[in-house]
Amino acid sequence: MRRVADSLPIAVLVSGTGTNLQALLDTVHGSEAQIVAVASSIADVPALARAAERDVPSAVFTRGDYPDRAARDDALADWLDERGARLVVLAGYMELLGSAFLRRFPGAVINVHPSLLPAFAGIRAVAQALEYGVAVFGVTVHFVDDGVDTGPVIMQRAVELPYARDEDEVLRALRPLEHALLPEAVRMFARRELVIDPSDPRHPRRGPTPVPDTSADWPTGLRARRSASDAGEG
Ligand code: GRF
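If you count the sequence shown from 1, you need to add 1091 to reach our numbering.
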């Protein structure tokens, strides 16, 4: 049986309802992964109640509480680091993260987006797709980079909805796809099967061959982060 000590410590960033957080709590939490922190950009959202229900520590980092976004990002990264997070999962997090934050968790920030990227990046993805008139909708789990929903794709799944006209109807159809794909991406990362190859960064390694475990850490873990912050880049 898998020991909890083998679990990947992850942080989940939220801004609202938290159904993707719930999917992670109901699947990987306590087995392949341990959710060690939930951070929200907005106070009193249902996602925070979901964390409390499972005794997962949570905190709120609103932009208004800091002089600028960089200061907010620093405080957030410090807290996630203190909690020991090795993977940061954006699950309905409605804020952009700056490159200084991303350098603190290199190759270890992932997001779930309700469209088949690169179509319909950014906010109102489903509304954009409906306005365009697509017949196939879908979801993407991807690594986060400096752009808006531009990082390397990890997984995508599509659903045909040729008669859809209503945003809520499409979101309802996409939810189960998100709730399957996001935990699966976390599982792959925890098994060291999901890594960005610097020589081919658009095609992350997502195979069943784990990266050799030479450091007793996850592939993009502490050593890279420490060298970045030692150099004053964090
Ligand atoms: C999801 O549709 C996700 O794709 C998008 O924000 C929504 C979050 O939903 N990024 P929830 O808060 O997880 O229920």
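Virtual Cβ for every residue (Gly too), placed ideally from N, Cα, C. Nothing here was measured: the structure is a model prediction, and the numbers come from that model.
Margin query: Spatial neighbours of residue 1205 within its chain, please: C-beta separation below 6 Å, excluding the five flanking residues on both sides.
Written below: 1216, 1217, 1230 and 1265
Checklist line | CB contact flag (residue 1273, residue 1111, <8 Å) | finding: yes
Margin query: Give me, in chain order, the residues of the same chain whose beta-carbon lies closer than 7 Å to that of residue 1199; leave out the 5 immediate sequence neighbours on both sides.
Written below: 1177, 1178, 1179 and 1311
Note to self: Short of 6 Å in beta carbon distance, which residues of its chain neighbour residue 1320, apart from the five on each side in sequence? Order them along the chain.
What the structure shows: Its pLDDT being 38, under 50, residue 1320 is placed unreliably in this model, and the value from its coordinates should be taken loosely. No residues qualify anywhere along the chain.
Check: Going by other Cβ atoms of all chains shown within 10 Å of its Cβ, with 16 needed for buried, is residue 1156 buried or exposed?
Finding: exposed
Next item on the list: Out of 1291, 1226, 1192 and 1270, state which residue places its alpha-carbon closest to the alpha-carbon of residue 1162.
Entry: 1192
Notebook entry, point to check: Hey, residue 1329 and residue 1151: beta-carbon distance below 8 Å or not?
Noted result: What is shown of the chain runs 1092 to 1325, which leaves residue 1329 out entirely.
Margin query: Check whether the region 1165–1173 and the region 1238–1249 are in contact - that is, three or more C-beta pairs closer than 8 Å.
Written below: no
Check: Among all the DSSP beta bridges, which residues are the ones paired with residue 1107?
Finding: Per DSSP, none; premise fails for residue 1107.
Check: Around the Cβ of residue 1306, are there at least 16 other Cβ atoms within 10 angstroms (buried) or fewer (exposed)?
Finding: The pLDDT assigned to residue 1306 is 49, lower than 50, so where the model puts this residue is not dependable, and the model offers no usable value.
Checklist line | Proximity winner among 1173, 1294, 1268 and 1097, relative to residue 1124 (alpha-carbon distances) | finding: 1097
Check: Going along the chain, which residues of its own chain have a beta-carbon closer than 6 Å to the beta-carbon of residue 1227, five neighbours each way excluded?
Finding: 1249 and 1251
Margin query: On the CB-based measure, 16 or more other CB atoms within 10 Å of its CB, does residue 1279 come out buried or exposed?
Written below: buried
Note to self: Rounding to the nearest angstrom, what Cα-Cα distance links residue 1174 and residue 1196 in this structure?
What the structure shows: 13 Å
Next item on the list: For residue 1288, collect the residues of the same chain with a Cβ closer than 8 Å to its Cβ; drop the 5 residues on either side in sequence, then sort them by chain order.
Entry: 1294, 1295 and 1296
Next item on the list: Within 10 angstroms of the Cβ of residue 1099, are there 16 or more other Cβ atoms? Answer buried if so, exposed if not.
Entry: buried
Checklist line | Residue interval of the alpha helix (DSSP H) (run including residue 1270) | finding: 1258–1281
Notebook entry, point to check: So what's residue 1100 in DSSP terms, helix, strand or just coil?
Noted result: strand
Notebook entry, point to check: For the alpha helix (DSSP H) that residue 1221 lies in, which residues bound it at each end?
Noted result: 1216–1223
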